[in-house]
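Worksheet: the structure to be examined is printed underneath.
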Amino acid sequence: MTDISDLTLAKLRDALKEKKISAAEATDDYLSRLEAASELNAVITLTADKARDMAKASDARLAKGEGGALEGAPLGIKDLFCTKGVLTTAGSHILDGFTPRYESTVTSNLWRDGAVMLGKLNMDEFAMGSSNETSFYGPVVNPWRREGDKTPLTPGGSSGGSAASVAGHLCAAATATDTGGSIRQPASLTATVGVKPTYGRCSRWGIVAFASSLDQAGPIARDTRDAAIMLKSMAGHDPKDSTSIDRPVPDYEAALGQSVKGLRIGVPKEYRLDGMPAEIEMLWRQGISWMKDAGCEIVDISLPLTKYALPVYYIVAPAEASSNLARYDGVKFGHRAKDFDDITSMYENSRAEGFGDEVKRRILIGTYVLSAGYYDAYYLRAQKVRKKIFDEFTRAYEKVDLILTPSAPSAAFGLGEKTADPVQMYLNDVFTVTANLAGLPGASVPAGLDAQGLPLGLQLLARPFDEETMFKGMYALEQAAGFTARPDEWWA
Ligand code: GLN
Numbered sequence: 362m363t364d365i366s367d368l369t370l371a372k373l374r375d376a377l378k379e380k381k382i383s384a385a386e387a388t389d390d391y392l393s394r395l396e397a398a399s400e401l402n403a404v405i406t407l408t409a410d411k412a413r414d415m416a417k418a419s420d421a422r423l424a425k426g427e428g429g430a431l432e433g434a435p436l437g438i439k440d441l442f443c444t445k446g447v448l449t450t451a452g453s454h455i456l457d458g459f460t461p462r463y464e465s466t467v468t469s470n471l472w473r474d475g476a477v478m479l480g481k482l483n484m485d486e487f488a489m490g491s492s493n494e495t496s497f498y499g500p501v502v503n504p505w506r507r508e509g510d511k512t513p514l515t516p517g518g519s520s521g522g523s524a525a526s527v528a529g530h531l532c533a534a535a536t537a538t539d540t541g542g543s544i545r546q547p548a549s550l551t552a553t554v555g556v557k558p559t560y561g562r563c564s565r566w567g568i569v570a571f572a573s574s575l576d577q578a579g580p581i582a583r584d585t586r587d588a589a590i591m592l593k594s595m596a597g598h599d600p601k602d603s604t605s606i607d608r609p610v611p612d613y614e615a616a617l618g619q620s621v622k623g624l625r626i627g628v629p630k631e632y633r634l635d636g637m638p639a640e641i642e643m644l645w646r647q648g649i650s651w652m653k654d655a656g657c658e659i660v661d662i663s664l665p666l667t668k669y670a671l672p673v674y675y676i677v678a679p680a681e682a683s684s685n686l687a688r689y690d691g692v693k694f695g696h697r698a699k700d701f702d703d704i705t706s707m708y709e710n711s712r713a714e715g716f717g718d719e720v721k722r723r724i725l726i727g728t729y730v731l732s733a734g735y736y737d738a739y740y741l742r743a744q745k746v747r748k749k750i751f752d753e754f755t756r757a758y759e760k761v762d763l764i765l766t767p768s769a770p771s772a773a774f775g776l777g778e779k780t781a782d783p784v785q786m787y788l789n790d791v792f793t794v795t796a797n798l799a800g801l802p803g804a805s806v807p808a809g810l811d812a813q814g815l816p817l818g819l820q821l822l823a824r825p826f827d828e829e830t831m832f833k834g835m836y837a838l839e840q841a842a843g844f845t846a847r848p849d850e851w852w853a
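Position 482 of the sequence shown, counted from 1, bears residue number 843 in this note's numbering, the numbering being contiguous throughout.
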């Protein structure tokens, strides 16, 4: 038989149902793979005992012919999701020792469907970053390396632990979150499939907040089918999150393989950047011709406001972050400074010690753009441009059903390569932030390798709540790309 870790989530699900494998076996297999992969630094907290207990309960249900859609499937959970009784750090020192007394809605949904939690995955601090290097727990290392070169590369961020552990087959699939690209960019850099659903599709309740009007949860998985299975479980209305939308969750898996004939695919000329590697441009053209061959109609479109997306994002996101992060003051939970004279210096010292440099930078920017005198010039103006970006997409979707772009402007880069210049780092989100600003669903699908043997992804964007069409398109891309490459397991 093939190794358990070679099975996709879909195949593992079937093998578990048919009792060819037990949940306990699958869980032990993944736990040992995770333990052997410490060089990747993908995990903050391994929950081996909990995983074995959950697997045992799954096996009992499976034995009775019962069990949910993910019964016995071992998953990794980004450490931004609150998990009851299990340390939840958001990759930050300031959340030291924080063990939530509640479970996030998304993870509750996964456990309701029978999934098993292997552990909490590493990530950029408070999900702020594109390379996982802002994590208090150190960077995650990408399982992929340049051919003949041992330089450690970033798996992307902020969901770097999720992407690396899915790419390295250290879990069957993982949860992730995307505020400006943190699902799609790491998926692109690790040859995994990442889906950011429409804003409101998944509940944000119990997910540590970064920028509440942009944050969305979604899966990182090995292929489109696995992502569809994961999203179906994760999504759904939640009365505890007033921004979650009360709409039925479709069976995304059923959309796979449906014909894409006649679908209109928009190709926005503004996503063709100066200085973008020629290979990315070529892959994009390749993707366009794959969709054309599958019977789609290709439509050139223009989204001229794209150039404002990054500046708008880097006003709105830090503004919301500065407000959300005001709650970390060392009083009720998390890190508290040892040295202080009074309550004010306790706040100040706890925050100064607890937050890393990138988080401090965001708090400073956010506080500045919200301050009296600057609010109108920055925050309010950014909100207005944000609305115009949304309107621009709405007009585009009168002419097209999906939009096809590269997922990221580069392949995986070396750890330390972009840390000196935050703007260089921010530029990595140039293709992904637009979907967050407009609340649209977006996905990255592995499409090819560059000359150095590193994966590159293509992004599909869809209309709000039209993830089904997006999944149809993703599946068509995936079929055409026939991507099967895997990284050598140099870490094991
Ligand atoms: N890289 C972007 C940032 O640093 C997006 C992060 C995210 O989507 N969580 O803000």
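Just so it is clear, CB atoms sit at the ideal spot from N, CA and C, and this is done for glycine as well.
Just so we're clear, the structure is a prediction, and the values are computed from it rather than from any experiment.
Open item on the list: Checking 7 angstroms against the spacing of the C-beta atoms, do S768 and G727 come in under that value?
Closed with: The residue given as residue 768 occupies position 407 in the sequence shown. The residue given as residue 727 occupies position 366 in the sequence shown. Between S768 and G727, the gap from beta carbon to beta carbon reaches 7 angstroms or more.
TODO: For R608, count neighbouring Cβ atoms within 10 angstroms of its own Cβ and tell me buried if that reaches 16, exposed if not.
DONE: Position 247 of the sequence shown, counted from the first residue, corresponds to residue 608. Burial call: exposed.
Open item on the list: Between which two residues does the alpha helix (DSSP H) holding M580 run?
Closed with: For the purposes of this step, residue 580 is identified with residue 219 of the sequence shown, where counting begins at 1. The question names Met, but residue 580 is Pro in the sequence shown. It is not in any alpha helix (DSSP H) - P580 instead sits in the beta strand (DSSP E) that spans 577 to 582.
Task: Beta-carbon contacts of P679 that lie in its chain and below 6 angstroms, excluding the five residues immediately before and after - done: Looking up residue 679 in the sequence shown gives position 318. Only R723, I726, G727 meet the Cβ criterion.
Task: S491 beta carbon near the ligand GLN (any heavy atom closer than 6 angstroms) - done: In the sequence shown, the residue the question calls residue 491 occupies position 130. S491: yes, Cβ under 6 angstroms from the ligand GLN.
- [ ] With L479 as the anchor, note down where its beta strand (DSSP E) starts and where it stops.
- [x] Taking the first residue of the sequence shown as position 1, residue 479 is located at position 118. Element bounds for L479: 477 to 482.
Task: heavy atom of the ligand GLN below 6 angstroms from D539 C-beta - done: Your numbering for residue 539 matches position 178 in the sequence shown. It does: the Cβ of D539 is within 6 angstroms (strictly closer) of some heavy atom of the ligand GLN.
Open item on the list: Please state the DSSP three-state secondary structure of Q619.
Closed with: Here residue 619 refers to the residue found at position 258 when the sequence shown is read from its first residue. Correct three-state label for Q619: coil.
TODO: Return yes when at least one heavy atom of the ligand GLN lies under 6 angstroms from the C-beta of A713, else no.
DONE: Working through the sequence shown from its first residue, we reach residue 713 at position 352. Checking every heavy atom of the ligand GLN against the Cβ of A713, none is found closer than 6 angstroms.
Task: Alpha-carbon to alpha-carbon, P783 and Q577 - done: For this step, residue 577 is matched to residue 216 along the sequence shown. For this step, residue 783 is matched to residue 422 along the sequence shown. Rounded to the nearest angstrom, the gap between the Cα atoms of Q577 and P783 is 23 angstroms.
Task: Check whether V791 and P816 have beta carbons under 7 angstroms apart - done: As a first step, residue 791 is located in the sequence shown; it is residue number 430 there, counting from the start. As a first step, residue 816 is located in the sequence shown; it is residue number 455 there, counting from the start. No, Cβ-Cβ distance for V791 and P816 is not below 7 angstroms.
Open item on the list: Which residue marks the beginning of the alpha helix (DSSP H) containing V877, and which one marks its end?
Closed with: Within the shown structure, residues of the chain are numbered from 362 to 853, placing residue 877 beyond reach of any answer.
Open item on the list: Cutting at 7 angstroms between CB atoms, please list the residues of its own chain near G541, excluding the five before and the five after it.
Closed with: Numbered from 1 along the sequence shown, position 180 holds the residue referred to as residue 541. Excluding sequence neighbours, G541 sits near L575, Y674, A678, D790, T793, V794, N797.
TODO: Give the range of the alpha helix (DSSP H) segment to which K511 is assigned.
DONE: On the sequence shown, residue 511 is found 150 positions in, with the first residue counted as 1. Annotation for K511: no alpha helix (DSSP H) segment contains it, and DSSP assigns it neither H nor E.
Open item on the list: Less than 6 angstroms separating the Cβ of G542 from some heavy atom of the ligand GLN?
Closed with: The sequence position of residue 542 within the sequence shown is 181, counting from 1. Annotation for G542 indicates a beta carbon within 6 angstroms of some heavy atom of the ligand GLN.
Open item on the list: Suppose the cutoff is 8 angstroms on Cβ atoms and the five residues either side in sequence are ignored; what does the same chain contact list for W472 look like?
Closed with: For the purposes of this step, residue 472 is identified with residue 111 of the sequence shown, where counting begins at 1. Result list for W472: M415, E464, M478, in chain order.
Open item on the list: I need the DSSP call for S399, collapsed to helix, strand or coil.
Closed with: Position 38 of the sequence shown holds residue 399. If DSSP states are grouped into helix, strand and coil, S399 belongs with the helices.
- [ ] For S805, write down the residues that DSSP places opposite it in a beta bridge.
- [x] The count along the sequence shown starts at 1 and reaches residue 805 at position 444. Answer is G555, Q820.
Task: Rounded distance between the beta-carbons of V502 and N402, thought under 8 angstroms - done: Indexing the sequence shown from 1 puts residue 402 at position 41. Indexing the sequence shown from 1 puts residue 502 at position 141. Taking 8 angstroms as the upper bound for CB-CB distance, N402 and V502 are in contact here, some 6 angstroms apart.
Task: Inter-residue spacing [alpha-carbon to alpha-carbon] between A552 and D457 - done: Locating residue 552 in the sequence shown gives position 191, where the first residue counts as 1. Locating residue 457 in the sequence shown gives position 96, where the first residue counts as 1. Taking C-alpha positions only, A552 is separated from D457 by approximately 32 angstroms.
Task: Touching by the beta-carbon criterion (3+ pairs, under 8 angstroms), the segment 614 to 624 and the segment 824 to 843 - done: By the criterion of at least three beta-carbon pairs nearer than 8 angstroms, the segment 614 to 624 is in contact with the segment 824 to 843.
- [ ] Pull up the DSSP beta-bridge partners for V628, would you.
- [x] Here residue 628 refers to the residue found at position 267 when the sequence shown is read from its first residue. In the DSSP assignment, V628 is bridged to D661.
Open item on the list: Give me the residue from P558, T512, P672 with the minimum Cα distance to F826.
Closed with: Here residue 826 refers to the residue found at position 465 of the sequence shown. The residue among P558, T512, P672 with its C-alpha nearest the C-alpha of F826 is P558.
Open item on the list: For a test of the three-state rule: what should DSSP assign to I726, helix, strand or coil?
Closed with: Counted from its first residue, the sequence shown places residue 726 at position 365. Helix at I726.
Task: Backbone CA spacing between R374 and V527 [nearest angstrom] - done: In the sequence shown, the residue the question calls residue 374 occupies position 13. In the sequence shown, the residue the question calls residue 527 occupies position 166. Spanning the two alpha carbons is a distance of roughly 16 angstroms.
- [ ] Taking 8 angstroms as the threshold, find out whether the segment 594 to 601 comes into contact with the segment 804 to 816 through three or more Cβ pairs.
- [x] No contact exists between the segment 594 to 601 and the segment 804 to 816.
- [ ] Using a Cβ-Cβ cut-off of 7 angstroms, state whether P435 counts as contacting chain C.
- [x] Going by chain labels, chain C is absent from the structure shown, which holds only one protein chain.
- [ ] Kindly examine the ligand GLN and report whether one of its heavy atoms sits closer than 6 angstroms to the Cβ of S683.
- [x] Reading the sequence shown from its first residue, position 322 is the one you call residue 683. Incorrect: S683 has no Cβ contact closer than 6 angstroms to the ligand GLN.
TODO: Can you check DSSP and say which residues form a bridge with P435?
DONE: What you label residue 435 is simply residue 74 of the sequence shown in a count that begins at 1. For P435, the pairing in a beta bridge is given by DSSP as V477.
Task: Nearest neighbour of A757, chosen from A409, A537, P665 [CA to CA] - done: Position 396 of the sequence shown, counting from 1, holds the residue named residue 757. In this structure, P665 is the residue among A409, A537, P665 with its C-alpha nearest to the C-alpha of A757.
Open item on the list: Could you tell me the alpha carbon to alpha carbon distance between V569 and G623, rounded to whole angstroms?
Closed with: Along the sequence shown, read from residue 1 onward, the residue named residue 569 stands at position 208. Along the sequence shown, read from residue 1 onward, the residue named residue 623 stands at position 262. Going from the Cα of V569 to the Cα of G623 covers about 41 angstroms.
Open item on the list: With a threshold of 8 angstroms, are at least 3 pairs of Cβ atoms found where one atom belongs to the segment 491 to 507 and the other to the segment 419 to 428?
Closed with: Taking 8 angstroms as the limit for Cβ pairs, the verdict is that the segment 419 to 428 does not touch the segment 491 to 507.
Task: Nearest candidate by alpha-carbon position, reference G636, set Y613, L788, A524 - done: Walking along the sequence shown from the start, residue 636 turns up at place 275. For G636, the closest alpha carbon among the candidates Y613, L788, A524 is that of L788.
TODO: Please determine if the segment 431 to 438 and the segment 513 to 533 are in contact, where contact requires at least 3 C-beta pairs separated by less than 8 angstroms.
DONE: Short answer: they touch.
- [ ] Would you list the one or two residues that DSSP bridges to L731?
- [x] Translated into the one-based positions of the sequence shown, residue 731 becomes position 370. L731 is not bridged to any residue.
Open item on the list: Assuming contact is defined by CB atoms lying nearer than 7 angstroms, are V554 and A582 in contact in what I supplied?
Closed with: In the sequence shown, counting from the first residue as 1, residue 554 sits at position 193. In the sequence shown, counting from the first residue as 1, residue 582 sits at position 221. Cβ distance < 7 angstroms, so V554 and A582 count as in contact.
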